[in-house]
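Take a look at the structure set out below.
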Amino acid sequence: MSYKIHMKGRDDPRTPYQIDRLYAWKHGKYFSPATVEISPTNACNQRCTYCYAWRESKSREMLRDDILIGCFDQLADADVGGVVIQGTGEPLLHKALPEAIKRGASRHIPIQLTTNGVLLNAALQDEILQHLYCLRISVIDNDPRRYADQHGCNEKQWHTLVANLERAIAVRARSNLPFSTMATVYLSENNVNDLYNCVRFCKEIGIDFVYVLEPQYTSYSPSGKRSHISSHMANAGHDIDSVCEKILSLIDDNFFVKIKLYVKEHILSGATKQTWKNDYCQGVKFYTLIGCDGEVYPCWRAWESKRYSFGSLYEKEFTEIWQGEKRRQIEEMIMRTPPDGVVCAPGTGTIGLRN
35 MSYKIHMKGR DDPRTPYQID RLYAWKHGKY FSPATVEISP TNACNQRCTY
85 CYAWRESKSR EMLRDDILIG CFDQLADADV GGVVIQGTGE PLLHKALPEA
135 IKRGASRHIP IQLTTNGVLL NAALQDEILQ HLYCLRISVI DNDPRRYADQ
185 HGCNEKQWHT LVANLERAIA VRARSNLPFS TMATVYLSEN NVNDLYNCVR
235 FCKEIGIDFV YVLEPQYTSY SPSGKRSHIS SHMANAGHDI DSVCEKILSL
285 IDDNFFVKIK LYVKEHILSG ATKQTWKNDY CQGVKFYTLI GCDGEVYPCW
335 RAWESKRYSF GSLYEKEFTE IWQGEKRRQI EEMIMRTPPD GVVCAPGTGT
385 IGLRN
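Mind the numbering: the sequence shown is residues 35 to 389 in the numbering used here, read in order.
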């Protein structure tokens, strides 16, 4: 059984219709990226157990104010389809972000802000909500103690997040703002029996769309590298299929759910393990990232690995970088070089690069 996305007219800004770009790609013509992800900072107010970007000893960086604000003009001039503000830290820690969002909106760029929501206070909401295409809460839970354990924070942050989110949704309704709301619910060993209630909680708050996923633990994660949680749950006798069916029963005209669990796609479905294929991943042609260090990277697993950088916004403008020879060389190398492990194999949906 496959669980498909149910958007009914609301599109995830990561996956908009891209007919012109697909045509250009097929015919070997130039095209700008469909989406650019921007990481304003690698600093964060939480210490999530699953964070793939965490470094205990790394220095905290902020993208220079003028680069953060000015890059929206460059992306608009390059005809980029949309921007996701996300990255390796909590974006709202960057004080220039509201001004950058306003600049992007003034250039008619659809903007999704991904945040843990704790810092999204009333003043910030009144400044930026009207300029967003989508507000996404990175990971949410219905239990404050479980949330605190997962996010490495105190329970007060959960209460602050919920209050901020409820206010944002109320402001949207009152002012008839057009942005959508999204949230991620992560499967964990502690919430497998409460997963349905987590998703129902999101619906009751007024969130439009929920992803049910499992975290990608890496060697950098505070809790260490782990295998897929859903596999362990299935092996332990949990009826994942029934849990998914119950969650999907919450879907209606105003609430949508997408479930993507490893056990559903590989074990219960009987999918066979596939190996690396040259030229398999075309995502780097449609999606790129701007790091808090100003470097332009091909994918999220390349954060801070400057050997994979297409170039720096501190030295060149985005269009020059995107059209540059270095980008072509790195893409060619990625297409021909098997990654560490199998995370880039067809069907996994993620990318792994050799460092």
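Built from N, CA and C at the ideal position, the CB exists for glycine as well. Just so it is clear, the structure is predicted and the values come from calculations on it, not from any experiment.
Chain-order list of residues whose beta-carbon lies under 6 Å from that of residue i (same chain, five-residue window excluded)
i      : result
Leu154 : Asn198
Ile119 : Ile72, Pro125 and Leu147
Leu302 : Because Leu302 carries a pLDDT of 42, less than 50, the predicted location of this residue cannot be relied on, and the following value inherits that uncertainty. Excluding positions up to five away in sequence, the list is empty.
Gly123 : Thr75, Asn76, Ala77 and Cys78
Thr353 : Ala112
Gly121 : Ser73
Lys294 : Leu247
Gln191 : Val152
Leu195 : Gly151 and Val152
Phe65  : Arg55 and Ala58
Glu279 : none
Same chain, Cβ closer than 7 Å to residue i, neighbours up to 5 away in sequence not counted
i      : result
Gln164 : Leu211
Phe289 : Lys237 and Asp242
Arg141 : Phe106, Asp107 and Ala110
Arg234 : Leu284
Ala130 : Asp99, Leu102 and Ile103
Glu161 : Pro132
Ala207 : none
Distance between residue j and residue i (C-alpha atoms, nearest Å)
i      : j      : result
Pro178 : Ser343 : 39 Å
Ser73  : Val205 : 26 Å
Leu323 : Leu284 : 34 Å
Gly325 : Cys168 : 21 Å
Pro132 : Trp337 : 23 Å
Glu189 : Val244 : 22 Å
Ser276 : Asn224 : 18 Å
Lys340 : Tyr331 : 8 Å
Trp59  : Gln108 : 22 Å
Asp175 : Met367 : 40 Å
Tyr314 : Ile364 : 15 Å
Ile143 : Thr371 : 34 Å
Met96  : Ile145 : 20 Å
Ile103 : Tyr57  : 31 Å
Gln159 : His128 : 15 Å
Ala217 : Arg170 : 5 Å
Gly115 : Gln316 : 17 Å
Ile135 : Cys232 : 30 Å
Ser209 : Ala182 : 32 Å
Pro68  : Ala156 : One detail in the question is off: residue 68 reads as Ala in this sequence, not Pro. Approximately 31 Å between the Cα atoms of the pair.
Leu229 : Tyr348 : 44 Å
Asp54  : Met369 : 23 Å
Ser360 : Ile274 : According to the sequence shown, residue 360 is Lys rather than Ser. Their Cα atoms are separated by approximately 45 Å.
Gln52  : Leu166 : 20 Å
Ala202 : Tyr321 : 29 Å
Tyr220 : Asn227 : 13 Å
Where residue i falls: helix, strand or coil (DSSP)
i      : result
Val226 : helix
Cys315 : coil
Ala157 : helix
Lys360 : helix
Gln52  : coil
Gly345 : strand
Ser276 : helix
Lys237 : helix
Gln146 : strand
Ala87  : coil
Asp287 : coil
Ile39  : For Ile39, the pLDDT reaches just 34, beneath the cut-off of 50, and the residue's location in the model is therefore unreliable, although a value from the coordinates is still provided. DSSP places Ile39 in coil when its eight states are reduced to three.
Phe65  : coil
Phe213 : coil
Gly325 : coil
Leu166 : coil
Ile174 : coil
Lys350 : coil
Lys60  : helix
Gly121 : coil
Leu221 : coil
Reference residue i; option with closest CA among the options
i      : options                           : result
Arg180 : Met216, Glu200, His193 and Asp107 : His193
Ile101 : Gly138, Asn79 and Gly123          : Gly138
Glu71  : Asp287, Ser93 and Gly328          : Gly328
Lys237 : Ile281, Gln120, Tyr84 and Ala130  : Ile281
Trp356 : Lys311, Asn231 and Val318         : Val318
Pro249 : Ile274, Gln191 and Ser172         : Ser172
Arg94  : Ile103, Cys78 and Met216          : Cys78
Tyr86  : Arg55, Val152 and Trp334          : Trp334
Cβ shell of residue i (< 8 Å), same chain only, five flanking positions each side left out
i      : result
Glu200 : Ile239 and Gly240
Gly358 : Phe344, Gly345 and Lys350
Residue i beta carbon near the ligand SAH (any heavy atom closer than 6 Å)
i      : result
Thr353 : In the structure shown, the ligand SAH is absent, as is every other ligand, since no ligand is present at all.
Chain B within 7 Å of residue i, Cβ atoms only
i     : result
Pro74 : Annotation note: the requested chain B is absent from the structure, which comprises a single protein chain.
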